[in-house]
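Remarks on the structure that follows.
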Amino acid sequence: MTQSHSISVAIIGCGIFGAMASLRLAARGAQVTVYERQTTPLQGASYNNQNRLHLGFHYPRDDETARQSIRGFVRFREEFAPCILGGFPNAYFVASERSLVTAQQYLDFCQRMGLRHERIDPATFDPVVRDVDLGVLCDEVVYDSAVLSTLVLQRLTGAHIEPHFNVDVQRIERRSDGFRLHVAGQPPRDFDAVVNATYANVNAFTEQLGHDVPEYQYEYTMVPIVEWDHAAVGVSIMDGPFMTVLPFGQTGRYLLYHVAHSVVAEHVGRHMPASWSDKATSPARRVDGQALFERMRQACSQFVPALTSMRLVGFLEGPRMVLAHRHHTDARPSIVRCHEPGYVTAFTGKIDHCIWVADDIATLLLDRQTADVP
420 MTQSHSISVA IIGCGIFGAM ASLRLAARGA QVTVYERQTT PLQGASYNNQ NRLHLGFHYP
480 RDDETARQSI RGFVRFREEF APCILGGFPN AYFVASERSL VTAQQYLDFC QRMGLRHERI
540 DPATFDPVVR DVDLGVLCDE VVYDSAVLST LVLQRLTGAH IEPHFNVDVQ RIERRSDGFR
600 LHVAGQPPRD FDAVVNATYA NVNAFTEQLG HDVPEYQYEY TMVPIVEWDH AAVGVSIMDG
660 PFMTVLPFGQ TGRYLLYHVA HSVVAEHVGR HMPASWSDKA TSPARRVDGQ ALFERMRQAC
720 SQFVPALTSM RLVGFLEGPR MVLAHRHHTD ARPSIVRCHE PGYVTAFTGK IDHCIWVADD
780 IATLLLDRQT ADVP
């Protein structure tokens with residue numbers, strides 16, 4: 420039976436995690452107000468990244484990230500079915516050299532996580548994949564970010580949620596009975612609770628409330644959108660400075676990613692460099708996009724020769740953040756934390772975590788407000 424709660428909650432950030440949290444809280448009776456810098460939902464990191472719906476295969480060095488992806492995969496696929504593209508061969512391969520896991524270690528990981536797969540011959544796969552020791556087909560799919568954004572906006576519009584887009588939350592302060600938000604161009608407003616789903620700016624508001632914040636590794640990425648005359652297919656080379664090519668949702672194009680080339684700037688610290696928030700001053704402005712694409716095409720065609728025929732259309736670009744100092748595991752977990760009664764942050768890993776993260780946020784705010792969800 421659904422519980423009813425009448426507390427007022429401000430959600431700062433309307434990427435997929437903020438949007439889902441707002442929908443879950445509103446469904447349980449909370450009075451929800453959403454604040455987002457962009458003009459529509461899901462225009463930040465939710466859009467400017469790879470669109471793989473993870474089932475765990477990508478994280479053989481971190482079981483927890485794999486488990487979280489498994490936890491979220493089926494629910495996301497069912498809840499947002501219109502944005503899903505599946506039914507195409509999607510394969511992972513382990514590189515013969517420089518991989519951080521061996522073929523046997525990868526197979527052991529799949530067995531340990533209960534990941535169903537089919538072993539394949541890389542030489543007969545279409546396209547041919549070379550310089551690898553193992554190939555496995557999996558059931559992972561991709562999502563279309565534009566369709567997902569439309570679906571989320573429709574849900575927000577149909578819910579009892581007060582949205583504010585194209586606004587800037589400047590400050591949050593603690594009050595005796597809750598929190599006060601200061602939004603540019605609006606009078607201050609009080610709330611019983613606040614969910615900080617701002618992603619790369621998550622530390623700023625948390626510091627304003629006097630809490631310690633960790634360092635993160637901030638990365639600015641450029642992901643080529645390409646045309647490639649090949650039927651829909653997915654190829655991921657594991658596990659190191661290698662590549663992935665996946666369909667760009669339902670567009671008929673592809674996204675190309677290379678670990679050693681797609682990240683064009685890095686920063687480890689408590690806050691993302693301010694210049695990264697504006698594309699006019701971002702690290703991408705100092706990058707020759709065509710030259711970057713040529714380097715990526717050359718590196719990727721080492722494994723998939725057919726990729727030499729790719730044609731550059733444009734780039735997805737933007738900041739992302741990961742846990743600092745985790746190169747040995749590549750851990751990308753989602754972490755929901757209650758810093759004090761009524762103030763919750765979401766450090767978000769993979770987009771398919773968004774449904775259970777929203778559930779956990781609702782649990783923290785509406786069921787037990789003084790402890791983290793384990």
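Counting in the working numbering, the sequence shown runs from 420 upward without gaps.
Even for Gly, the Cβ is constructed at its ideal location relative to N, Cα and C.
Everything numeric in this text was worked out from a predicted model, so none of it was measured.
Assign residue i to buried or exposed, taking buried as 16 or more other Cβ atoms, counted over all protein chains shown, within 10 Å of its Cβ.
| i | result |
| --- | --- |
| Pro724 | exposed |
| Asn585 | exposed |
| Ser595 | exposed |
| Lys769 | buried |
| Phe492 | buried |
| Pro607 | exposed |
| Gln469 | buried |
| Thr421 | With a pLDDT of 45 at Thr421, under the threshold of 50, the predicted position of this residue should be treated as unreliable, and no value is reported. |
| Arg535 | exposed |
| Val513 | buried |
| His579 | exposed |
| Asp791 | With a pLDDT of only 43 at Asp791, under the threshold of 50, the placement of this residue in the model should not be trusted; the figure read from the coordinates follows. The residue is exposed, with fewer than 16 neighbouring Cβ atoms inside 10 Å. |
| Glu759 | exposed |
| Pro752 | buried |
| Arg517 | exposed |
| Thr640 | buried |
| Arg705 | exposed |
| Val687 | exposed |
| Ala747 | Note that residue 747 is His in the sequence shown here, rather than Ala. His747 should be labelled exposed. |
Grouping DSSP H, G and I as helix and E and B as strand, with all else coil, what is residue i?
| i | result |
| --- | --- |
| Gly448 | coil |
| Met715 | helix |
| His772 | helix |
| Ala777 | helix |
| Arg751 | coil |
| Asn468 | coil |
| Glu634 | coil |
| Phe661 | coil |
| Pro607 | coil |
| Ser655 | strand |
| Glu685 | strand |
| Leu784 | helix |
| Met439 | helix |
| Thr798 | Residue 798 is absent from the model: the chain starts at 420 and stops at 793. |
| Gln589 | strand |
| Ala679 | coil |
| Thr789 | Its pLDDT being 42, under 50, Thr789 is placed unreliably in this model, and the value from its coordinates should be taken loosely. Reduced to three states, the DSSP call for Thr789 is coil. |
| Gly798 | With the chain represented from 420 up to 793, any question about residue 798 goes unanswered, as that position is not in the structure. |
| Arg756 | strand |
| Pro724 | helix |
| Arg594 | strand |
| Pro692 | coil |
| Ser423 | Since pLDDT at Ser423 reaches only 49, below the 50 mark, its modelled position is unreliable, and the value read off the structure follows with that caveat. Three-state result, Ser423: coil. |
Identify the continuous beta strand (DSSP E) that holds residue i and give its terminal residues.
| i | result |
| --- | --- |
| Asn509 | 509-514 |
| Ser427 | 427-431 |
| Phe734 | 730-742 |
| Glu581 | 580-584 |
| Tyr762 | 762-766 |
| Arg745 | From DSSP, Arg745 is part of no beta strand (DSSP E); its letter is neither H nor E. |
| Leu600 | 597-602 |
CB-CB under 7 Å to residue i, same chain, minus the five flanking residues each way: which ones, in chain order?
| i | result |
| --- | --- |
| Ser694 | Thr700, Ser701 |
| Leu467 | As written in the sequence, residue 467 is Asn, which differs from the Leu given in the question. The residues are Leu735, Glu736, Gly737. |
| Arg672 | Ile644, Val645, Glu646, Val732 |
| His690 | Asn622, Ala623 |
| Arg590 | His601, Gln627 |
| Gln717 | none |
| Val588 | Ile431, Tyr454, Leu600, Val602 |
| Arg730 | Val645, Glu646 |
| Asp558 | Leu474, Arg535 |
Flag residue i as yes when its Cβ comes closer than 7 Å to any non-hydrogen atom of the ligand MG, and as no otherwise.
| i | result |
| --- | --- |
| Ile503 | What this structure holds is no ligand at all, so the ligand MG is not there to describe. |
Cutting at 6 Å between CB atoms, please list the residues of its own chain near residue i, excluding the five before and the five after it.
| i | result |
| --- | --- |
| Ile489 | Gly475 |
| Val451 | Val428, Ser441, Leu444, Ala445, Ile580 |
| Ala522 | Val513, Asp552, Leu553 |
| Ile435 | Leu461, Ser465, Ile770, Cys773 |
| Cys529 | His536 |
| Leu519 | Asp658, Gly659 |
What does a CB cutoff of less than 8 Å around residue i pick up in its chain, not counting 5 residues either side in sequence?
| i | result |
| --- | --- |
| Val763 | Ala612, Val613, Val614, Asn615, Val755, Arg756, Cys757, Ile780, Leu783, Leu784 |
| Met532 | Gly475, Asp482, Ala485, Arg486, Ile489 |
| Arg443 | Ala777, Asp778, Ile780, Ala781 |
Start and end of the alpha helix (DSSP H) containing residue i?
| i | result |
| --- | --- |
| Gly577 | 564-577 |
| Asn615 | Segment 612-615 is the beta strand (DSSP E) holding Asn615; no alpha helix (DSSP H) there. |
| Thr625 | 621-627 |
(message) In chain order, what are the residue ranges of uninterrupted alpha helix (DSSP H) at least 4 long that sit wholly in the stretch 470-556?
(response) 482-498, 522-532
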